[in-house]
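Read the structure below first, then the notes.
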Amino acid sequence: MRPTWKGFLKLSLVNIPVRMYPAARSQSVSFNQIHKECNSRVKYDKRCPTCERSVSSDEIVKGYQYAKEQYVIMDEEDFTKVRLESTKSINIVQFVNRGEIDPVYYHGSHYVVPDGPVAIESFATILHATEEQQRVALARVVMNGKEQVVAIRPRDKVFVMSALYYADEVRALTGIEELEATPQINPEELQLATQLIESITKPFHPEEFEDNYRTALLDIVKAKAEGKEIVAPPEVEMGKVINLMDALKTSLEQSQLATREEATSEEAPAAKASNE
Numbered sequence: 012m013r014p015t016w017k018g019f020l021k022l023s024l025v026n027i028p029v030r031m032y033p034a035a036r037s038q039s040v041s042f043n044q045i046h047k048e049c050n051s052r053v054k055y056d057k058r059c060p061t062c063e064r065s066v067s068s069d070e071i072v073k074g075y076q077y078a079k080e081q082y083v084i085m086d087e088e089d090f091t092k093v094r095l096e097s098t099k100s101i102n103i104v105q106f107v108n109r110g111e112i113d114p115v116y117y118h119g120s121h122y123v124v125p126d127g128p129v130a131i132e133s134f135a136t137i138l139h140a141t142e143e144q145q146r147v148a149l150a151r152v153v154m155n156g157k158e159q160v161v162a163i164r165p166r167d168k169v170f171v172m173s174a175l176y177y178a179d180e181v182r183a184l185t186g187i188e189e190l191e192a193t194p195q196i197n198p199e200e201l202q203l204a205t206q207l208i209e210s211i212t213k214p215f216h217p218e219e220f221e222d223n224y225r226t227a228l229l230d231i232v233k234a235k236a237e238g239k240e241i242v243a244p245p246e247v248e249m250g251k252v253i254n255l256m257d258a259l260k261t262s263l264e265q266s267q268l269a270t271r272e273e274a275t276s277e278e279a280p281a282a283k284a285s286n287e
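As numbered in this note's numbering, residues 12 to 287 make up the sequence shown, in order.
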């Protein structure tokens, strides 16, 4: 795995050489757009409506619209004139308590690791101190030509750095009609809902979750490539919840039954092994 960024983790006067690796990648299935008539891949034509012709990449520049149909043209030299302290460093500005940041602010994660043997001990010291204090660092860093505020939290032997949306980028919960009503909560239904939640609460193991849609979609792609007939599965009808109390009771009973069956299936191999 190749690093995507190299620089320094800066905490006050402490500068630690670090490198960054993507922490995750999307595994979604992508498709090309094909001309139905001849099976050729469709290409996008960058066309100028004023000159009425296609333009090449070297004819295209970046422009910022400051008024209707009025643009300020920016070249690469203009972008290099933006000098920020965080251009080559992850500059920690403060720490917050773990769990204080609303997850709605997170997007994109990278692993931050020490860059070279000389950085290992100082990196580990800051990592363990952050872990012991149960803190999350807030920092500024420039990535992809844009300064970002990031959250840095310890995980195993590395820091996980996640970008944060700015406050004005997170939408406020306004203008949603359904949220204007004041619901009346039935205490008995609330108790059943609590029991149902508790009955299906267990530790998080990410390997237990698979992308079933991607798997099924790739199966169809493979079948079509092999000339096989595709049979659509029957649609599952979603029943309407008419009575919340009845739905909660039935759901709780099914959950408890599933838990008992799971416990029985786990006990069977253990009993067989002990008998042997």
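Virtual Cβ for every residue (Gly too), placed ideally from N, Cα, C.
Between which two residues does the beta strand (DSSP E) holding residue i run?
| i | result |
| --- | --- |
| V160 | 157-166 |
| G186 | That residue, G186, is in no beta strand (DSSP E); it is neither H nor E in DSSP. |
| F170 | 169-175 |
| G74 | 73-78 |
| L82 | First, the residue type needs correcting, since residue 82 is Tyr and not Leu in the sequence shown. Where Y82 is concerned, the enclosing beta strand (DSSP E) stretches over 81-85. |
Do residue i and residue j have their C-beta atoms closer together than 8 Å?
| i | j | result |
| --- | --- | --- |
| L149 | A135 | no |
| I137 | I231 | no |
| Y82 | S173 | no |
| V29 | L20 | yes |
| L263 | L175 | no |
| R166 | V147 | no |
| I211 | S266 | yes |
| Y75 | M85 | yes |
| K235 | I241 | yes |
Considering only C-alpha positions, which residue in the set the options is nearest to residue i?
| i | options | result |
| --- | --- | --- |
| L201 | K260, Y224, F19, I103 | K260 |
| L24 | K57, I103, A274 | I103 |
| E142 | Q159, G74, A183, V171 | V171 |
| I179 | V160, A78, R109 | Position check: residue 179 holds Asp in this sequence, whereas Ile was assumed. Minimum Cα distance to D179 is reached at V160. |
| Q38 | S266, D222, Y32 | D222 |
| S100 | P125, V242, G18 | G18 |
| A183 | L263, V115, Q265, E240 | V115 |
| Y224 | E80, Q267, P125, S41 | S41 |
| D113 | S51, Y177, E191, Q265 | Y177 |
| A243 | S210, R166, I208, L228 | L228 |
| N197 | L255, H216, G110, I241 | L255 |
| E158 | F90, V181, A236 | F90 |
| K54 | S65, T61, P60 | S65 |
| A140 | E273, F106, P33 | F106 |
For residue i, which beta-bridge partners are listed by DSSP?
| i | result |
| --- | --- |
| N108 | R146 |
| Y32 | Y122 |
| I27 | L20 |
| L13 | A quick correction: the sequence has Arg, not Leu, at residue 13. R13 is not bridged to any residue. |
| C59 | R64 |
| Y117 | L175 |
| M154 | K157 |
| N102 | K21, R151 |
| R52 | I45 |
Start and end of the alpha helix (DSSP H) containing residue i?
| i | result |
| --- | --- |
| L207 | 198-210 |
| N223 | 223-236 |
Taking 8 Å as the CB-CB cut-off, is residue i touching chain E?
| i | result |
| --- | --- |
| E221 | Here chain E cannot be found, since the structure has a single protein chain. |
For this session: Report yes or no: do three or more beta-carbon pairs, one from the segment 135-154 and one from the segment 185-193, lie closer than 8 Å?
Result: no
Fill in: Any 3 or more C-beta pairs closer than 8 Å across the segment 126-137 and the segment 38-53
no
Are the segment 70-77 and the segment 116-127 touching by the rule of at least three beta carbon pairs closer than 8 Å? no
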